[in-house]
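Residue numbers (our numbering): 28 to 167. No residue lacks a Cβ here, since even glycine has one placed at the ideal position from N, Cα and C. Report on one structure; see the data block that follows.
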Amino acid sequence: MKRVTFLAVAMAAFAGCGEEGAADYKNEPRPPAPINVTAAINDDRVRVSPRAFGSGPVVIIISNQSGVPQQVTFETDEIGGASGGISRTTREIAARSTAQLKVDPPEGTYSLSASAGGITPAALVVGERRESAQNELLQP
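So this is what it looks like as structure tokens:
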């Protein structure tokens, strides 16, 4: 009998767990799924594909096809934008090698430039935020 009473009290106490503070919890949707953007540096310019995409997590995969080591900078290309600008730079990428740059840019215009002089930067346009990945399966 004591065992049944103890079990009933324990179950009642356990059932009340989690109720306190539940109203404060916000089930925010996931961010958009990351997309890959490719970039190639040659001796005269930086090429990017695609050049326009929606805001959200982006992985830029960069191939240094020039004959010299490069650093690549992704930065805001607006003067006096509505929000603060961003600037992200890769480590030095050896000639004929690759690197990745992960960014989560807000809507705006950006440039992707190489450290060596004389190489024309690529222009990128980031549009409205992409849809949430909330209901997509097999997301990291």
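Taking the C-beta atoms as reference points, valine 75 is found no nearer than 7 Å to leucine 128. Runs of the alpha helix (DSSP H) spanning 4 or more residues and lying entirely within the stretch 63 to 148 do not occur at all. Ranked by Cα distance from proline 77, the first of Ala126, Thr100, Ile89, Glu158 is Ile89. Linking glutamine 97 to alanine 79 through their CA atoms gives a straight-line distance of about 24 Å. Taking 7 Å as the cut-off, the beta carbon of proline 133 is found closer than this to the beta carbon of serine 82.
A straight line joining the alpha-carbon of valine 73 with that of threonine 100 spans about 11 Å. Residue burial is scored here from C-beta neighbours: valine 86 has fewer than 16 other C-beta atoms within 10 angstroms and is therefore classed as exposed.
Restricting attention to Val95, Lys53, Glu55, Ala66, the CA atom closest to the CA of alanine 149 is found in Ala66.
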